[in-house]
Amino acid sequence: MMEKRYKRLGDILIEKGIISQTDLQYALSIQKETKRPIGEILVDLGLCTWYQITKALAEQYGLKFFSEKPKIDLDLKNRIKIDLMEELRFIPIKEEGDKLVVTTDNVYNLSLIKKRLKFLFNKDVEIYLIAPNLFEELMFEIKHEKGFDFEVSNELFMEEEEEEEPITEEELLDDSTPIVRMVNNIIERALQLEASDIHIEPRSRRMVAVRYRIDGVLRKITEYPRSTHNSIVTRIKILSNLNITERRLPQDGKFYLKKENEQYDFRVSTMPSVYGEKVVIRILRVSQSHRKLEELGYSEYNFKRIQELIKHPYGIILVTGPTGSGKSTTLVGIINSLNHEGVNIITAEDPVEYTIDGITQCQVNPEIGLTFAKYLRTFLRQDPDIIMVGEIRDKETAQLAVEASLTGHLVLSTLHTNTAPGAIDRLVNMGIEPSLISSSLVGVIGQRLVRKVCKRCAVKSDLPDKYRDIAMKLYPEYEPYQFVAQGCDACNDTGYKGRTAIAEVLIVDERIRKLIKRGNSIIEVTEAAKEEGMRTLFEDGMYKVLNGETTLEEILRVTGGEEEE
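For the sequence shown, the working numbering assigns the number 1 to the initial residue and increments by one for each residue that follows.
The following block contains the structure:
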């Protein structure tokens, strides 16, 4: 018996008159470049809705579908492991006698879901389709059902006058003690809320605050008594292989954890303060090391410009922005896009945040003389094609990077500047000759990270008159509206969930090369770059506002707005 062959989603939507053949071809051309699902592209382009796509697929596969988010049986949900739900991409909804009702947004897993759940529950399985955005909301709620709530064991609270009793190292290795449980809870909750950093900071002689950086913003999660702080810091030091007796000097360490098929690296920094040691833990997901450029959220316009930049066989490409603007992630994305068997890629980093298969990564250690400059000299004897330097901090490193680029190597690095054109001024101030900059620099990517508006609670809203006029001038093809979120369970009442990049991509063409060589001002270089096609951070941000990805308030917070002409 021949297996039934199903039509493709695009063909179904055309048959139903939802999109045209031209619409589909345009979406497919975007898919070829970005590798995103065709349904997601069609929705983002405004050619159809998730409801229309889900309904069409349900009819095609003979399934029922949820048009709204269904209520989940919590008892049933608690009997199924979250990693199984994520592996098969399903969510259990309810039990009806001998039948188990589940939902999925992936039509390719239907038979596997039925087979696995039939084996586990010995019940017939009925599958409902659901739109991907609703599926993600349900999955988020399952994984974050307690919001920001955080319970601190009463055992940690002692009388105010009571000093902390000495605690042995054996007790700090016992998972049943309150101190160990508290540290485990802090780490576990941070992973659930997808925090990038944990801050444990003594605020007074009595209390210590725990804050998480979520989507780039610090939020207070809980606090605990100062009397137990030394023991909690000691527990973290034991995990990080740090000196537990040293409390007067800063220390750096790391530890690792595997959870739900994800490997996490924790970078620990301790620092003495007036009320005790402050601890900051940076959380890195190993899976992030595999991300490519198309997954970093750049607008299609800037993505094409960056692709144009990285085609250069030699020269310097710089990524600029303040701390926490995603520069390292961008460099990882570029390297992953360029990495293949035919090239030799070497990096010098401080520290090595993401390990990447197939390249040689080196850790900078200034204490023993292993600086960026020292590594750069060594790299040139290692027959590299591509060199990545974590950051250009001084004239020596900048000079060596220029020399490497002029001898046939592609050099990738970062600078701390506010704008892409500002990188040129920074290099000049370091003492690099403008003629050398003009010969070696091929492009600069200036970027920031902005919070994405929560899709679940976003509502259409008018732009203020001033910015409405700017939007209509910049992008006349778009309606001058934004989407503003009111706050809900999915975004922990913040109105934002996740982050995306806004960027300005300066491509050094012949005109700009001459301006740099002549030593023209940064204002003249910026104006020329804009005339040659560079969108400023504000302009790229406004594009994302009109696309419903973020809000005007967020763009103004990050960029400071646009000066009026």
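Just so it is clear, CB atoms sit at the ideal spot from N, CA and C, and this is done for glycine as well.
Given the structure is predicted, the values throughout are model-derived calculations rather than measurements.
Requested in this report: Could you give the DSSP three-state label for residue 334: helix, strand or coil?
Outcome: As a working mapping, residue 334 is identified with position 334 in the sequence shown. Helix at residue 334.
Query raised in the report: DSSP three-state call for residue 546: helix, strand or coil?
Result: As a first step, residue 546 is located in the sequence shown; it is residue number 546 there, counting from the start. Helix at residue 546.
Report task. Give the secondary structure of residue 165 by DSSP, where H, G and I count as helix, E and B as strand, and everything else as coil. Result -> Here residue 165 corresponds to residue number 165 of the sequence shown, with the count starting at 1. In this prediction, residue 165 scores a pLDDT of 48, lower than 50, which makes its location untrustworthy; no coordinate-derived value is stated.
Query raised in the report: From which residue to which residue does the beta strand (DSSP E) around residue 502 run?
Result: Position 502 of the sequence shown, counted from the first residue, corresponds to residue 502. Unbroken beta strand (DSSP E) run through residue 502: 496 to 507.
Query - Rounded C-alpha distance that separates residue 36 from residue 65 - result: Here residue 36 is taken as the residue at index 36 of the sequence shown, counted from 1. Here residue 65 is taken as the residue at index 65 of the sequence shown, counted from 1. C-alpha separation (whole angstroms): 23 Å.
Requested in this report: Alpha carbon to alpha carbon, how far is residue 503 from residue 15? Give it in angstroms, no decimals.
Outcome: For this step, residue 15 is matched to residue 15 along the sequence shown. For this step, residue 503 is matched to residue 503 along the sequence shown. Rounded to whole angstroms, residue 15 to residue 503 spans 39 Å at the Cα level.
Requested in this report: Quick one: using the 10 Å Cβ neighbour count with 16 as the cut-off for buried, is residue 384 buried or exposed?
Outcome: Taking the first residue of the sequence shown as position 1, residue 384 is located at position 384. When all chains shown are included, residue 384 counts as buried.
Report task. Report yes or no: do the stretch 197 to 213 and the stretch 286 to 300 share at least 3 C-beta pairs separated by less than 8 Å? Result -> no
Requested in this report: Using only alpha-carbon positions, find the residue among 537, 511, 518 that is nearest to residue 528.
Outcome: Counted from its first residue, the sequence shown places residue 528 at position 528. When only C-alpha atoms are compared, the closest one is 511.
Report task. Look at the alpha carbon of residue 327 and the alpha carbon of residue 7, and state the distance between them as a whole number of angstroms. Result -> Here residue 327 refers to the residue found at position 327 when the sequence shown is read from its first residue. Here residue 7 refers to the residue found at position 7 when the sequence shown is read from its first residue. One C-alpha to the other measures close to 42 Å.
Query raised in the report: How should residue 462 be labelled, buried or exposed, when 16 other C-beta atoms within 10 angstroms of its C-beta is the threshold for buried?
Result: Stepping through the sequence shown from its first residue, residue 462 is reached at position 462. The residue in question, residue 462, is exposed, as its Cβ has fewer than 16 Cβ neighbours within 10 Å.
**Report entry** Candidates 358, 355, 349, 555, of which the one nearest residue 374 by Cα
**Finding:** The residue labelled residue 374 in the question sits at position 374 within the sequence shown. Residue 349 is the option with its Cα nearest to residue 374.
Query raised in the report: In chain order, what residues of the same chain lie with their CB nearer than 6 Å to the CB of residue 90, ignoring the 5 residues before and after it?
Result: On the sequence shown, position 90 is the one that residue 90 refers to. Correct list, in chain order: 102, 104, 113.
**Report entry** DSSP beta-bridge partners of residue 207
**Finding:** Counting from 1 along the sequence shown, the entry for residue 207 is found at position 207. DSSP, once it has assigned bridges, lists 225 as partnering residue 207.
Report task. Evaluate residue 486 with the Cβ neighbour count: other Cβ atoms within 10 Å of its Cβ, from every protein chain shown; 16 or more gives buried, anything less gives exposed. Result -> Start at 1 with the first residue of the sequence shown, and residue 486 comes out as number 486. Looking at its Cβ environment, which holds fewer than 16 other Cβ atoms inside 10 Å, residue 486 is exposed.
Requested in this report: Check residue 424 in the structure and name its three-state DSSP category.
Outcome: Looking up residue 424 in the sequence shown gives position 424. Looking at residue 424 - three-state DSSP - the assignment turns out to be helix.
Report task. Pick out whichever of 446, 440, 250 has its Cα sitting closest to the Cα of residue 422. Result -> Indexing the sequence shown from 1 puts residue 422 at position 422. Closest option to residue 422, Cα to Cα, is 446.
**Report entry** Beta-carbon spacing of residue 321, residue 448 below 8 Å
**Finding:** Residue mapping note: residue 321 aligns to position 321 of the sequence shown, counting from 1. Residue mapping note: residue 448 aligns to position 448 of the sequence shown, counting from 1. Going by C-beta atoms, residue 321 is nearer than 8 Å to residue 448.
Query - Opposing strand residues paired with residue 94 [DSSP bridges] - result: Here the question's residue 94 lines up with position 94 in the sequence shown. Per DSSP, 101.
Query raised in the report: Taking just the CA atoms, how far does residue 346 sit from residue 207?
Result: Start at 1 with the first residue of the sequence shown, and residue 207 comes out as number 207. Start at 1 with the first residue of the sequence shown, and residue 346 comes out as number 346. Going from the Cα of residue 207 to the Cα of residue 346 covers about 46 Å.
Requested in this report: Answer with buried or exposed for residue 545, where buried requires no fewer than 16 other C-beta atoms within 10 angstroms of its C-beta.
Outcome: Position 545 of the sequence shown holds residue 545. So residue 545 counts as buried.
Requested in this report: Give a yes or no on whether the C-beta atoms belonging to residue 420 and residue 444 are separated by under 8 Å.
Outcome: Position 420 of the sequence shown, counted from the start, is the residue given in the question as residue 420. Position 444 of the sequence shown, counted from the start, is the residue given in the question as residue 444. Yes, the Cβ-Cβ distance between residue 420 and residue 444 is below 8 Å.
Query raised in the report: Alpha carbon to alpha carbon, what distance is there between residue 495 and residue 454?
Result: In the sequence shown, counting from the first residue as 1, residue 454 sits at position 454. In the sequence shown, counting from the first residue as 1, residue 495 sits at position 495. Going by the C-alpha atoms only, they are around 5 Å apart.
Query raised in the report: When we look at the beta-carbon of residue 120 and count the other beta-carbons within 10 Å, is it buried (16 or more) or exposed?
Result: Your numbering for residue 120 matches position 120 in the sequence shown. Residue 120 comes out exposed.
Report task. Verify the contact flag: residue 327, CB atom, against every heavy atom of the ligand ZN, threshold strictly below 7 Å. Result -> Ligands are entirely absent from the displayed structure, and the ligand ZN is therefore not among its contents.
Requested in this report: Would you tell me roughly how many angstroms separate the C-alpha atoms of residue 370 and residue 363, rounded to the nearest one?
Outcome: Against the sequence shown, residue 370 aligns to sequence position 370. Against the sequence shown, residue 363 aligns to sequence position 363. Straight-line Cα distance between these residues: approximately 8 Å.
**Report entry** Rounded separation between residue 11 and residue 136 - CA only
**Finding:** The sequence position of residue 11 within the sequence shown is 11, counting from 1. The sequence position of residue 136 within the sequence shown is 136, counting from 1. Cα-Cα distance, rounded: 26 Å.
Query raised in the report: Should residue 340 go down as buried or exposed, given a rule of 16 or more other Cβ atoms within 10 Å for buried?
Result: Locating residue 340 in the sequence shown gives position 340, counting from the first residue. Answer is exposed; the Cβ neighbour count stays below 16.
Query - Residue ranges of each alpha helix (DSSP H) within the stretch 292 to 360, 4 or longer - result: 300 to 309, 327 to 338
Query - Residue closest to residue 464, alpha-carbon to alpha-carbon, out of 553, 386, 526, 382 - result: Within the sequence shown, the letter at position 464 stands for residue 464. The shortest C-alpha separation from residue 464 is found at 553.
Requested in this report: In angstroms with no decimal places, state the Cα-to-Cα distance between residue 232 and residue 183.
Outcome: Counting from one through the sequence shown, the residue named residue 232 turns up at place 232. Counting from one through the sequence shown, the residue named residue 183 turns up at place 183. For residue 232 and residue 183, the distance between alpha carbons rounds to 7 Å.
Query raised in the report: What's the gap between the Cα of residue 376 and the Cα of residue 359?
Result: Reading the sequence shown from its first residue, position 376 is the one you call residue 376. Reading the sequence shown from its first residue, position 359 is the one you call residue 359. Each residue's Cα considered, the two are about 16 Å apart.
Query raised in the report: How big is the Cα-Cα spacing for residue 317 and residue 559?
Result: For the purposes of this step, residue 317 is identified with residue 317 of the sequence shown, where counting begins at 1. For the purposes of this step, residue 559 is identified with residue 559 of the sequence shown, where counting begins at 1. So the alpha carbons of these two residues sit roughly 22 Å apart.
Query raised in the report: Looking at the structure shown, is residue 489 part of a helix, part of a strand, or coil, going by DSSP?
Result: Numbered from its first residue, the sequence shown carries residue 489 at position 489. In this structure, residue 489 counts as coil in the three-state DSSP scheme.
Report task. State yes or no: is the C-beta of residue 48 within less than 8 Å of the C-beta of residue 24? Result -> As a position in the sequence shown, residue 48 is number 48, starting the count at 1. As a position in the sequence shown, residue 24 is number 24, starting the count at 1. It is not a contact, given that the beta carbons lie outside the stated cut-off.
**Report entry** Contacts around residue 524, its chain only, beta-carbon distance under 8 Å, and the 5 residues preceding and following it disregarded
**Finding:** On the sequence shown, position 524 is the one that residue 524 refers to. So the qualifying residues of the chain are 515.
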